[in-house]
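Since the structure comes first, as C-alpha cells, the remarks are kept for the end.
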Amino acid sequence: MTLQQCTRADLLFVIDRMCKNSMGKWELKRALSDLAYEKEKARIEEARKYAKLANEARREYISTMSPYVGMKLSDVPMEVLEKAATLQKQIDSADRKWAKLMGVKLCGPKKGGDGNG
Numbered sequence: 210m211t212l213q214q215c216t217r218a219d220l221l222f223v224i225d226r227m228c229k230n231s232m233g234k235w236e237l238k239r240a241l242s243d244l245a246y247e248k249e250k251a252r253i254e255e256a257r258k259y260a261k262l263a264n265e266a267r268r269e270y271i272s273t274m275s276p277y278v279g280m281k282l283s284d285v286p287m288e289v290l291e292k293a294a295t296l297q298k299q300i301d302s303a304d305r306k307w308a309k310l311m312g313v314k315l316c317g318p319k320k321g322g323d324g325n326g
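For the sequence shown, my numbering gives the first residue as 210, with consecutive numbering after it.
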C-alpha cells in the first residue's frame with residue numbers, strides 16, 4: 210500500500226503511529242509547516258498567472274481603444290467596441306480570480322450589478 214492509496218482515516222492512523230514511534234511531534238509540525246508553505250507558494254503563483262492575464266488584456270484594451278481617444282462613442286466602430294467589451298470581461302474575470310486568491314476585496318459594482326451601489 211502507498212500513501213496515495215490511503216484514505217483520510219488511513220493517513221491519520223499512519224501519522225498518529227509515526228508520532229508515537231520513531232518520528233516525534235516536531236517532525237509532524239515541520240511536515241505540516243512545509244505543506245503550508247508549498248500550498249501558499251502555489252496560491253501565489255496562481256494569483257500571478259491571473260495578474261499577468263489581466264495585464265495583457267489591459268494592454269490590448271488600451272491598444273484597441275487608443276486610436277479613438279477624443280472621439281464620440283458613436284463614431285467608434287461597433288466591432289472595436291465589441292472587442293473592447295470582450296477584453297474588459299477578461300480583465301474583470303482575471304481580477305476577480307486574483308482578488309479571491311489574494312484575499313482582497315475589490316471595489317466597484319458587483320458582478321451583474323447596475324453600478325448604483
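The beta carbon of each residue, even a glycine, is placed where N, CA and C say it ideally should be.
Inset, instruction - Drop a sphere of 10 angstroms on the beta-carbon of D173, count the other beta-carbons inside from all chains shown, and report buried for 16 or more, exposed for fewer. - result: As displayed, the chain neither begins before 210 nor continues past 326, which places residue 173 out of reach and without an answer.
Inset, instruction - Confirm, please, whether the CB-CB distance from A303 to Y259 is below 7 Å. - result: Yes, the pair counts as a contact, with Cβ atoms nearer than the cut-off.
Legend entry - V223, DSSP secondary structure in three states: V223 sits in a helix when the DSSP states are folded into three classes.
Legend entry - Y277 to K309 span [Cα, whole Å]: Near 34 Å, if we compare the C-alpha coordinates of K309 and Y277.
Inset, instruction - In the DSSP assignment, find the unbroken alpha helix (DSSP H) run with K309 in it and report its ends. - result: Start and end: 287–311.
Inset, instruction - Work out the CA separation of E249 and K229 for me, nearest whole Å. - result: Going by the C-alpha atoms only, they are around 29 Å apart.
Inset, instruction - Measure the Cβ-Cβ separation of A256 and L296 and say whether it is below 7 Å. - result: No. Outside cutoff.
Legend entry - Cβ-Cβ separation, K292 to T273 (assumed contact under 8 Å), whole Å: K292 and T273 do touch by the CB rule: their CB atoms are close to 6 Å apart, below 8 Å.
Inset, instruction - Using 10 angstroms around the beta-carbon of A263, count the other beta-carbons present and answer buried if the total reaches 16, otherwise exposed. - result: So A263 counts as buried.
Inset, instruction - Would you identify the three-state DSSP class for K238, choosing helix, strand or coil? - result: Three-state result, K238: helix.
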